[in-house]
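Just below is one structure, and these are the notes that go with it.
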Amino acid sequence: MATVRLAPVLRSSAGGSKQVSAQGSTLSEVLADLYERYPALREQIQADSGEGLSRFINVYVNDQDVRFLQGLDTAVGPNDTVILLPAMAGGHQE
Amino acid sequence: MGEASREIMRKARQQVPEWTPSQVKQALDQQSGSNEQEIVLVDVREKHEWNEGHIPGAIHVPRGFLELQIEEAVPDKSKTVVLYCAGGVRSLMAGSTLQQMGYRNAISMSGGFGQWKNSGLPFVQPRLMTDAQARRYSRHMLIPEVGEAGQFKLLDSKVLLIGAGGLGSPAAYYLAAAGVGTIGIIDADVVDDSNLQRQILHNTSRIGEYKAESARETIEALNPDVKVVTYIERLDETNVARIIADYDLIIDGTDNFPTRYLLNDAAIIANKPVIHGSVFRFEGQLTVFKPYEGPCYRCLYPEPPPMALAPSCAEAGVLGVLPGIIGILQATEAIKLLLNIGEPLVGRMMTYDALAGEFSELRLYRDPHCPACGENAHPEDLPTYADVCAL
Chain C
21 MATVRLAPVL
31 RSSAGGSKQV
41 SAQGSTLSEV
51 LADLYERYPA
61 LREQIQADSG
71 EGLSRFINVY
81 VNDQDVRFLQ
91 GLDTAVGPND
101 TVILLPAMAG
111 GHQE
Chain B
731 MGEASREIMR
741 KARQQVPEWT
751 PSQVKQALDQ
761 QSGSNEQEIV
771 LVDVREKHEW
781 NEGHIPGAIH
791 VPRGFLELQI
801 EEAVPDKSKT
811 VVLYCAGGVR
821 SLMAGSTLQQ
831 MGYRNAISMS
841 GGFGQWKNSG
851 LPFVQPRLMT
861 DAQARRYSRH
871 MLIPEVGEAG
881 QFKLLDSKVL
891 LIGAGGLGSP
901 AAYYLAAAGV
911 GTIGIIDADV
921 VDDSNLQRQI
931 LHNTSRIGEY
941 KAESARETIE
951 ALNPDVKVVT
961 YIERLDETNV
971 ARIIADYDLI
981 IDGTDNFPTR
991 YLLNDAAIIA
1001 NKPVIHGSVF
1011 RFEGQLTVFK
1021 PYEGPCYRCL
1031 YPEPPPMALA
1041 PSCAEAGVLG
1051 VLPGIIGILQ
1061 ATEAIKLLLN
1071 IGEPLVGRMM
1081 TYDALAGEFS
1091 ELRLYRDPHC
1101 PACGENAHPE
1111 DLPTYADVCA
1121 L
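Chains C and B are the protein sequences, given in the same order. If you count the first sequence from 1, you need to add 20 to reach the numbering used here. If you count the second sequence from 1, you need to add 730 to reach the numbering used here.
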């Protein structure tokens, strides 16, 4: 199973986990497996269902941005790591 | 001069060619247009003599250190090395030494700097640090990558901080300590007691004061060399271009998306690097957005998240020390860029996880279709979006 690492702002949507395992041989399968267990993650990653990845999130497979690989069709092996990194608001909070 | 030293001089004169100051000037003028610097001018006098004035473009290698330093200063032994001292004696003996070391074209300037100056030829007085500055920055001066020239560069540099909060506080504090000569701070907020857990430029007695003014007081107490320019306003479309125009680079410590996009686009138009940092609870990240050399913020995130998905800014929380770490890393990147040393975090996002005690790095890529920095981009008319935190 692939490893999925969640940026801090996503963890509340995944029961507080920092890292979870997910099944699938492509990014889109891995994400589908993730949404099954953590439905709240879907709108953070693919806000419009059926569409591609949201424009306010970056997804990396083994440290490579999937926009420059094959997007949702990027192959994900069992030893690969998927990183989900949405835009962060926090600078100096008032 | 004794008999033995006269003999040394006589031998040196036979071996080392001599040029008059006007011959040297002519030779220097001839090569001034070309890129190939065939002639290297070396001043072999003592430091105090050099400080009182020297020939423009000369390098300084005191005769006492000649054998030890010349090969580093002039590695190519086929160059024409013109040596000068005050009167033409020490340079003659230095020429003889260089010949022994394998320099094939060592020349001594007859009459030395004294005759050069008396002939009305141009000279410069090196910029000198005050004794207080020399002591204050002595630990920088000992690092070859900074040194005296680097310290002057820092003193001449101008850095703008967007926000004197969690990230801006440590960044500004260390930049001031390092002797960055002008620090601009834009912040319209006042100090609140909930800030003091992390915003170390401020203190309990300043609660209610403008943060920019409080920052100025702290910085001026630390280092009188630093000029602090305060802007008690919010960065917006009407002031961004005017404010950033005066600075070499910008440290982004903003707390909201509109400012981040606004700053991104204006910095691309003005071609200024932005050192971006953000923090959340126990984690932080930073990168350098250097226009056209690496990605910009819009390459990474073409749009901000919708309001419903953005974490509630006031409730997000952060471990107080965390913006300290990220802010200091931002200051470090700023100094690297200002001195043009090392590998800046351009195209790389560094992340820090305090609980795990882990740094990691992600490669970032420019988007060729980026609306702000890609081909056919128009950074001047992009939307900056509503403030998801303010709503």
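We put the CB at the ideal spot given by N, CA and C, even for glycine.
Original post:
Pairing CB atoms from the segment 945-954 of chain B with CB atoms from the segment 909-919 of chain B, are three or more of them under 8 Å?
Top reply: The segment 945-954 of chain B, when compared against the segment 909-919 of chain B, does touch it at the 8 Å Cβ threshold.
Original post:
For the segment 994-1018 of chain B, which residues have a beta carbon sitting closer than 8 Å to at least one beta carbon of chain C?
Top reply: Within the segment 994-1018 of chain B, the qualifying residues are Gly-1007, Ser-1008, Val-1009, Phe-1010, Arg-1011, Phe-1012, Glu-1013 and Gln-1015.
**OP:** Could you name the residues of chain C that Pro-1113/B contacts, counting a contact when the two beta carbons are closer than 9 Å?
**Re:** Chain C residues near Pro-1113/B: none, gap ~13 Å exceeds 9 Å.
Original post:
Would you say Gln-84/C faces chain B, with C-beta separation under 8 Å as the test?
Top reply: Gln-84/C counts as touching chain B.
Original post:
Distance, Cα to Cα, Ala-803/B vs His-790/B?
Top reply: Whole-angstrom Cα-Cα distance: 9 Å.
Original post:
In whole angstroms, what separates the C-alpha of Gly-72/C from that of Val-102/C?
Top reply: Using only the alpha carbons, I get a separation of about 16 Å.
Subject >> Backbone secondary structure at Tyr-904/B - three-state DSSP >> reply: The answer is helix: DSSP assigns Tyr-904/B an H, G or I state.
Subject >> Element boundaries [alpha helix (DSSP H), containing Gln-761/B] >> reply: It spans 751-761 - the alpha helix (DSSP H) in which Gln-761/B sits, taken as one unbroken run.
Original post:
If you draw a straight line from the alpha carbon of Leu-47/C to that of Leu-993/B, how long is it in whole angstroms?
Top reply: Taking C-alpha positions only, Leu-47/C is separated from Leu-993/B by approximately 33 Å.
Original post:
Is the CB of Glu-1133/B under 8 Å away from at least one CB in chain C?
Top reply: Outside the shown range of chain B (731 to 1121) lies residue 1133/B, about which nothing can therefore be said.
Original post:
Comparing the C-beta of Ala-52/C with each C-beta of chain E, is any distance below 8 Å?
Top reply: This model lacks chain E altogether, as its protein chains are C and B.
Subject >> For Gly-783/B, three-class secondary structure by DSSP >> reply: DSSP places Gly-783/B in coil when its eight states are reduced to three.
**OP:** Determine whether the Cβ of Ile-65/C lies closer than 8 Å to any Cβ atom of chain B.
**Re:** No - not a single Cβ of chain B is within 8 Å of the one on Ile-65/C.
**OP:** Check whether the Cβ of Ala-107/C lies closer than 8 Å to any Cβ atom in chain B.
**Re:** Contact of Ala-107/C with chain B is assigned, a C-beta pair being separated by under 8 Å.
Original post:
DSSP on Val-921/B, reduced to helix/strand/coil?
Top reply: Under the three-state reduction of DSSP output, Val-921/B falls in the coil class, being neither helix nor strand.
Original post:
At what residues does the beta strand (DSSP E) containing Arg-1093/B begin and finish?
Top reply: Arg-1093/B -> beta strand (DSSP E) spans 1088-1093.
Original post:
In chain order, what residues of the segment 1087-1105 of chain B put their CB closer than 9 Å to some CB of chain C?
Top reply: Cβ contacts with chain C: Ser-1090, Glu-1091, Leu-1092, Arg-1093, Leu-1094, Tyr-1095 and Asp-1097.
**OP:** Name, going along the chain, the residues of the segment 1024-1038 of chain B whose beta-carbon falls closer than 9 Å to a beta-carbon of chain C.
**Re:** Within the segment 1024-1038 of chain B, the residues whose Cβ lies closer than 9 Å to any Cβ of chain C are, in chain order, Tyr-1027, Leu-1030, Tyr-1031, Pro-1032, Glu-1033, Pro-1034, Pro-1035, Pro-1036 and Ala-1038.
Subject >> Contact under 8 Å by Cβ, Gln-1060/B with Ile-1005/B >> reply: Closer than 8 Å, so yes.
**OP:** Output the distance between the C-alpha atoms of Leu-858/B and Asn-1001/B, rounded to the nearest integer angstrom.
**Re:** Each residue's alpha carbon lies about 32 Å from the other.
Original post:
What are the boundary residues of the beta strand (DSSP E) that Gly-1014/B is part of?
Top reply: Unbroken beta strand (DSSP E) run through Gly-1014/B: 1013-1019.
Subject >> beta strand (DSSP E) segments (min. 3 residues) lying fully within the segment 1053-1108 of chain B >> reply: Annotation: the segment 1053-1108 of chain B contains the following complete segments of the beta strand (DSSP E) (minimum length 3 residues), in chain order: 1078-1083 and 1088-1093.
Subject >> Every unbroken beta strand (DSSP E) within the segment 855-917 of chain B, with a cutoff of 3 residues, ordered by chain >> reply: The qualifying runs are 888-892 and 912-916.
**OP:** Please name the residue or residues paired with Lys-957/B in a DSSP beta bridge.
**Re:** Note: Lys-957/B sits in a beta bridge opposite Thr-912/B.
**OP:** Compute the Euclidean distance between the alpha carbons of Ile-800/B and Leu-979/B, then round it to the nearest angstrom.
**Re:** Roughly 36 Å between the two C-alpha positions.
Original post:
In chain order, what residues of the same chain lie with their CB nearer than 7 Å to the CB of Leu-796/B, ignoring the 5 residues before and after it?
Top reply: Non-local C-beta neighbours of Leu-796/B in its own chain, meaning closer than 7 Å and more than five positions away in sequence, comprise Val-774, Ala-824 and Thr-827, ordered along the chain.
**OP:** Would you please verify whether the beta carbon of Tyr-80/C is less than 8 Å from any beta carbon of chain B?
**Re:** Using beta-carbon distances, Tyr-80/C counts as an interface residue toward chain B, with a partner under 8 Å.
Subject >> Minimum C-alpha distance to Ile-837/B - residue among Leu-822/B, Asp-955/B and Glu-1110/B >> reply: Nearest of Leu-822/B, Asp-955/B and Glu-1110/B to Ile-837/B, Cα basis: Leu-822/B.
**OP:** Report, in whole angstroms, the separation of the C-beta atoms of Leu-891/B and Gly-898/B, which I expect to be a contact under 8 Å.
**Re:** Confirmed, Cβ separation roughly 4 Å.
Original post:
What three-state label does DSSP hand His-778/B in the structure shown?
Top reply: Reduced to three states, the DSSP call for His-778/B is helix.
Subject >> Backbone CA spacing between Ser-808/B and Glu-950/B [nearest angstrom] >> reply: Taking the straight line joining both Cα atoms gives about 51 Å.
Original post:
Within the present structure, is the beta-carbon of Met-1037/B separated from the nearest heavy atom of the ligand PLP by less than 7 Å?
Top reply: In terms of ligand content, the structure shown is empty, and the ligand PLP therefore cannot be addressed.
Subject >> Continuous beta strand (DSSP E) stretch holding Asn-994/B: start and end >> reply: Element bounds for Asn-994/B: not the beta strand (DSSP E) but the alpha helix (DSSP H), 987-1000.
Original post:
When burial is assigned at 16 or more other CB atoms within 10 Å of the CB, is Glu-1013/B buried or exposed?
Top reply: Under the 10 Å beta carbon count, Glu-1013/B is surrounded by 16 or more other beta carbons and is classified as buried.
Original post:
What is the rounded straight-line gap between the Cα of Val-96/C and the Cα of Pro-1036/B?
Top reply: The straight-line gap from Cα to Cα measures roughly 29 Å.
Original post:
Shortest alpha-carbon distance to Val-746/B belongs to which of Asn-781/B, Tyr-991/B and Gly-818/B?
Top reply: The shortest C-alpha separation from Val-746/B is found at Gly-818/B.
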